[in-house]
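Residue numbers for the sequence shown, in this note's numbering: 33 to 309. Positions of the beta carbon are idealized from the N, C-alpha and C atoms, including for glycine. These notes are about the structure you will find just below.
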Amino acid sequence: MIRVEYRNNNQQAWNHLADTGSLFARVATDEECRQPLRTLDGRGWLPASVAGLNVLCLASGGGWQAILYACAGANVTVVDLSESMLKLDNQEAKRRGLKIQTVHTSMDDLSMLGDESFDIVHQPVSTCYVPSLKPVYAEVSRVIRDHGIYISQHKQPVSLQISHRNERHQFVIGVEYYQEGPLPKQQDTSYREKGATEYLHRMEEIVGGLCVSGFVIEDLREPKRADYNVDVSHFGYRGRFVPPYVRMKARRVARKTGDSTQESTGFKIWIPGSPGL
33 MIRVEYRNNN
43 QQAWNHLADT
53 GSLFARVATD
63 EECRQPLRTL
73 DGRGWLPASV
83 AGLNVLCLAS
93 GGGWQAILYA
103 CAGANVTVVD
113 LSESMLKLDN
123 QEAKRRGLKI
133 QTVHTSMDDL
143 SMLGDESFDI
153 VHQPVSTCYV
163 PSLKPVYAEV
173 SRVIRDHGIY
183 ISQHKQPVSL
193 QISHRNERHQ
203 FVIGVEYYQE
213 GPLPKQQDTS
223 YREKGATEYL
233 HRMEEIVGGL
243 CVSGFVIEDL
253 REPKRADYNV
263 DVSHFGYRGR
273 FVPPYVRMKA
283 RRVARKTGDS
293 TQESTGFKIW
303 IPGSPGL
């Protein structure tokens, strides 16, 4: 699938999800907006205040995340490939008297955003919609400031390997781990978003790729999505057996003058018997 085709396909899929009231296009409620940081950050990964900070909500349209950051006083830029998702952000911002900037582009092309422009980059589950993580991480590494926080959530590769349930309602690993190209289409929308083109990214690409892009991982979680009171067709049933997501908090390592952002680490190794650092 050529580059333009997967983008166009996912753009149409997410426009449809937004236009038909998908759960993924739920705008922030009044109650959530009264306590925006508590709503956004149940893990304590964000600063005590984000007021005045520049925040990039990456691939995060839909009227939820960007609105909450704006309610908390941040200067918010939200990027999304779907015009309908961005429309929800603009509508909610106008309704609540908030100021945000919306940018219609793909997560792997942030060329319209300046270097070292953001203190925080927050990206919900979305990297499964691009064939390679490298350009995404490279762009985030470029636009985030030294010591900036990058929070991201990704689909677990093993979850994307599931192809179906057998007659005993056991989940079958029907997709190879070293899958090349788009994932095969699935009828069951508890596995994937209907109509979208998705790609499997291995853990070495998700975690290791972030580390070699100029970040240090400070925390990693597997959000629990198990539900013991639902039908076998519900994604909560699958969550009892396979963790669907991995969520990471990473921090941008300070750049060295003249160094590539891909190579700068800022670390020194202490060897016993050598002078202290």
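- Taking 8 Å as the upper bound for CB-CB distance, Cys89 and Val108 are in contact here, some 6 Å apart.
- Relative to the Cα of Asp62, the nearest Cα in the group Arg234, Ser54, Thr71 and Phe56 belongs to Thr71.
- Distance from the Cα of Ile132 is smallest, within the candidate group Ser158, Gly227 and Cys103, for Cys103.
- Here the segment 180–198 makes contact with the segment 277–292; the two share three or more CB pairs at distances below 8 Å.
- Remark: three or more beta-carbon pairs, one from each stretch, lie closer than 8 Å, so the segment 40–59 and the segment 222–233 are flagged as touching.
- For Ser184, the three-state secondary structure derived from DSSP is strand.
- In the displayed model, Ser92 falls within coil according to three-state DSSP, outside both helix and strand.
- If you check the CB distance, Ser195 and Pro276 do not come in under 8 Å.
- Taking every protein chain shown into account, the CB of Phe273 has fewer than 16 other CB atoms within 10 angstroms, so this residue is exposed.
- Exposure of Thr52 is indicated by the presence of fewer than 16 other C-beta atoms within 10 angstroms of its C-beta.
- Assignment of Arg70 by DSSP, reduced to helix, strand and coil, places it in the helix class.
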